[in-house]
Amino acid sequence: MASRRIDTLRPIKVIIIGAGISGILSTIKLQQLVKGLDVVIYEKNADLGGTWYENRYPGVACDIPAHTYQLSWDSNSAWSQFYASGPEILAYWHRVAEKYDVRKHMNFSHCVAEARWDEVAARWAVTVTNIMDGQSATDHCDILITATGVLNQWEWPSIPGLMDFGGKLLHSANWDTEIDVQGKNVAVIGAGSSGIQIVPSIQPGVRRLDHYVRGRTWIATPFAAQEIQKRGLDESNFSYLPQDIEAWGRDPESYLRYRKRLEDTVQSNYDVVLRGSISQTKAKEYFRMLMAQRLTKKPELLDHFLPTFSPLCKRLTPGPGYFEALTEDNVDVVTIPIERITKTGIVTTDGRHRDVDAIVCATGFNTHFTNRFPVYGESGAQLFSERDGIIPRLSNYMSLAVHGFPNLFQFLGPNSGVGHGNLLIMLETMAEYVAKAVEKLQAQDIRTIQPSMAAMNHFMQHCDDHFQRTVFSEDCSSWYKTDGRVAALWPGSSLHAVKAFKHPRWEDWEYTYIDNNNMSWLGDGSTEADWDRSIDKSYYLTSLESVKNDLRR
Numbered sequence: 001m002a003s004r005r006i007d008t009l010r011p012i013k014v015i016i017i018g019a020g021i022s023g024i025l026s027t028i029k030l031q032q033l034v035k036g037l038d039v040v041i042y043e044k045n046a047d048l049g050g051t052w053y054e055n056r057y058p059g060v061a062c063d064i065p066a067h068t069y070q071l072s073w074d075s076n077s078a079w080s081q082f083y084a085s086g087p088e089i090l091a092y093w094h095r096v097a098e099k100y101d102v103r104k105h106m107n108f109s110h111c112v113a114e115a116r117w118d119e120v121a122a123r124w125a126v127t128v129t130n131i132m133d134g135q136s137a138t139d140h141c142d143i144l145i146t147a148t149g150v151l152n153q154w155e156w157p158s159i160p161g162l163m164d165f166g167g168k169l170l171h172s173a174n175w176d177t178e179i180d181v182q183g184k185n186v187a188v189i190g191a192g193s194s195g196i197q198i199v200p201s202i203q204p205g206v207r208r209l210d211h212y213v214r215g216r217t218w219i220a221t222p223f224a225a226q227e228i229q230k231r232g233l234d235e236s237n238f239s240y241l242p243q244d245i246e247a248w249g250r251d252p253e254s255y256l257r258y259r260k261r262l263e264d265t266v267q268s269n270y271d272v273v274l275r276g277s278i279s280q281t282k283a284k285e286y287f288r289m290l291m292a293q294r295l296t297k298k299p300e301l302l303d304h305f306l307p308t309f310s311p312l313c314k315r316l317t318p319g320p321g322y323f324e325a326l327t328e329d330n331v332d333v334v335t336i337p338i339e340r341i342t343k344t345g346i347v348t349t350d351g352r353h354r355d356v357d358a359i360v361c362a363t364g365f366n367t368h369f370t371n372r373f374p375v376y377g378e379s380g381a382q383l384f385s386e387r388d389g390i391i392p393r394l395s396n397y398m399s400l401a402v403h404g405f406p407n408l409f410q411f412l413g414p415n416s417g418v419g420h421g422n423l424l425i426m427l428e429t430m431a432e433y434v435a436k437a438v439e440k441l442q443a444q445d446i447r448t449i450q451p452s453m454a455a456m457n458h459f460m461q462h463c464d465d466h467f468q469r470t471v472f473s474e475d476c477s478s479w480y481k482t483d484g485r486v487a488a489l490w491p492g493s494s495l496h497a498v499k500a501f502k503h504p505r506w507e508d509w510e511y512t513y514i515d516n517n518n519m520s521w522l523g524d525g526s527t528e529a530d531w532d533r534s535i536d537k538s539y540y541l542t543s544l545e546s547v548k549n550d551l552r553r
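So for the sequence shown, UniProt numbering puts the first residue at 1; every next one is plus one.
Rendered as structure tokens:
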């Protein structure tokens, strides 16, 4: 029989890889919901922040309202602009990490080389390299959480001669802030989210801008643009008045009403993602009209940008100021494919050479959901690789776990992105789910926990069935898809995800136990309060109102 009390929790060590938003959130929730944890965070960068630390290109900003891009339970009423800049968002997460004492767990400039499951010890062995001195060491943990994100493995585009270019070479995800492109002839390659922000940011100050555009995309109105229109503004963003910020600081209820108004807008019109819906048809008509209006000065560009696929098949790009910049006299939009890059410029397949002083590669990231480091589970199987010829390589359960990889949880892996709604509230409920799983493992003498193969297969089948009803499965080039399957998105809205994660289905999981008797968690028949006089022994006596509140949860 176990010699411990029923509520004596065994020590558990958790390693979290990544100190971005997911890593910060998961640490906070673990601290709030689980006792007796030793949490260690390894971060490859020199500081926290993830994507908001790495992306420093001109004009970097969040394209959803700042007041909806924050924690639901720790808000900032003093955002300076409707769409916050990257540096302001980074400052917010620094404040959150300090407030909840997360930084003490972080080890910066530590790059994980490998994670391997030890089946005998039932622990993860994580090999880590200190970037500063090159020394490697292996750490061990009971629970491994990967919070490395998906949009952080940047790479140079595969263009012949790129590294032979003699001018300034920049990448949107690794921007050199010491380089000034003012007054230069600049080429921007790529019209994804970063390219669409960079172009209007640098256009007014450069001598000439050649923008190389390969694919077509819908350029939409900014998210929650109604708020800008209500203020009678034509701009794509606005700064909050000091009196508004001060008023919200004095009146939290007023600020909450404002937040809810914006949040309701972001969470509305789910049916726009459904094939053939009225909302989808109206969106296509509206965006086409809007794009034509914004390209009035250069109407010939519309045919180069207007897609044949539906809006939202690939991520919508609001692009405030983007089309307006393209119609300026110092901008040329080049739709002819690039053949090669020379020491002085770019040659397109029609043979034309354009001299430039700087090339900006706004070509995005590796979005194949492969970690920067290998993760080996049971029998040496590698995470997200095809197994036995029958298990698709991105198979997962509820986006958080994978059969064959015990005690491993992941954030922003396959099927975790948001196709409609608010990503932050999804991450919050995911973090709560993982914390509940860790608490269960700790309290019930569970040695290993992993989703069953059947549950994982059923979840993947549900995803495939769901996405056939949506525009995400249409024929378009999108990082949402891998091997023809929609692999990046959660199968539903963010509100749907919140409901799904709120109450875990523990019957979908498989367990092994520390003791041969899986009821050993009952302990020696006593509680800590039975032995410690300082502990409240009548904690269960409470008010009727408290009982009602408890039942509502």
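The C-beta atom is built at its ideal place from N, Cα and C for all residues, glycine as well.
Here residue 154 carries a strand assignment [DSSP, helix/strand/coil]. In this structure, DSSP gives residue 349 a state outside helix and strand, which the three-state scheme calls coil.
A Cβ-Cβ contact shorter than 8 Å links residue 373 with residue 113.
Nearest in C-alpha terms to residue 478, of all of 100, 215, 406 and 85, is 215.
Residue 503 counts as exposed, since fewer than 16 other C-beta atoms from the protein chains shown sit within 10 angstroms of its C-beta.
If you draw a 10 Å sphere on the C-beta of residue 394, you find 16 or more other C-beta atoms in it, and that means buried.
In the structure shown, residue 211 falls within a strand segment according to DSSP collapsed to helix, strand and coil.
In this structure residue 380 does not touch residue 405 by the C-beta definition: roughly 11 Å separates them, more than the 8 Å allowed. About 5 Å separates the beta carbons of residue 9 and residue 36, which is inside the 8 Å limit, making them a contact pair. With 16 or more other Cβ atoms inside 10 Å of its own Cβ, residue 425 counts as buried.
When the five nearest sequence neighbours on each side are left out, the beta carbons in the same chain lying within less than 7 Å of the beta carbon of residue 495 are those of 267 and 421, in order along the chain. Where residue 136 is concerned, the enclosing beta strand (DSSP E) starts and stops at 136-141. Taking each of 23, 5 and 4 in turn and checking the Cα distance to residue 434, the smallest one comes out for 23. Relative to the Cα of residue 383, the nearest Cα in the group 360, 454, 481 and 414 belongs to 414.
Between residue 227 and residue 459 the beta-carbon gap is near 37 Å, outside 8 Å, which marks them as no contact. DSSP, read as helix, strand or coil, puts residue 51 in helix. Annotation: residue 384 is outside any beta strand (DSSP E) and is labelled neither H nor E by DSSP.
Cβ-Cβ separation between residue 57 and residue 194: approximately 6 Å, consistent with a contact (criterion under 8 Å).
Cα atoms of residue 251 and residue 289: separation of roughly 41 Å, rounded to the nearest angstrom.
Contact annotation: residue 399 and residue 445 have beta-carbon atoms that are not nearer than 8 Å. For the alpha helix (DSSP H) assignment, the uninterrupted runs of no fewer than 4 residues enclosed by the segment 267-339 are, from N- to C-terminal side, 278-294, 302-305 and 322-326.
The secondary-structure analysis by DSSP pairs residue 171 across a beta bridge with 361. When the five nearest sequence neighbours on each side are left out, the beta carbons in the same chain lying within less than 6 Å of the beta carbon of residue 441 are those of 449, in order along the chain. With fewer than 16 other beta carbons inside 10 angstroms of its own, residue 332 counts as exposed. Residue ranges of uninterrupted beta strand (DSSP E) with 3 or more members, entirely inside the segment 465-540 and ordered along the chain, are 509-513. Residue 149 sits away from residue 340, with the two beta carbons spaced by 8 Å or more.
In the same chain as residue 322, and ignoring 5 residues on each side of it, the C-beta atoms closer than 7 Å to its own belong to 196, 199, 200 and 219, in chain order. Between residue 66 and residue 249 the beta-carbon gap is near 15 Å, outside 8 Å, which marks them as no contact.
Assigned with DSSP and collapsed to three states, residue 119 falls in coil, not helix or strand. Within its own chain, the residues whose Cβ lies closer than 8 Å to the Cβ of residue 27, once the five positions on either side in sequence are excluded, are 16, 39, 41, 100, 102 and 105, listed in chain order. Here residue 36 carries a coil assignment [DSSP, helix/strand/coil]. Of the candidates 173, 33, 43 and 526, the residue whose Cα lies closest to the Cα of residue 361 is 173.
Residue 111 is bridged by DSSP to 129. Following the DSSP letters along the chain, one finds residue 186 inside the beta strand (DSSP E) bounded by residues 185-189.
For residue 355, DSSP records a beta bridge to 345.
Around residue 85, the same chain offers 61 as residues with beta carbons nearer than 6 Å, after the five sequence neighbours per side are excluded.
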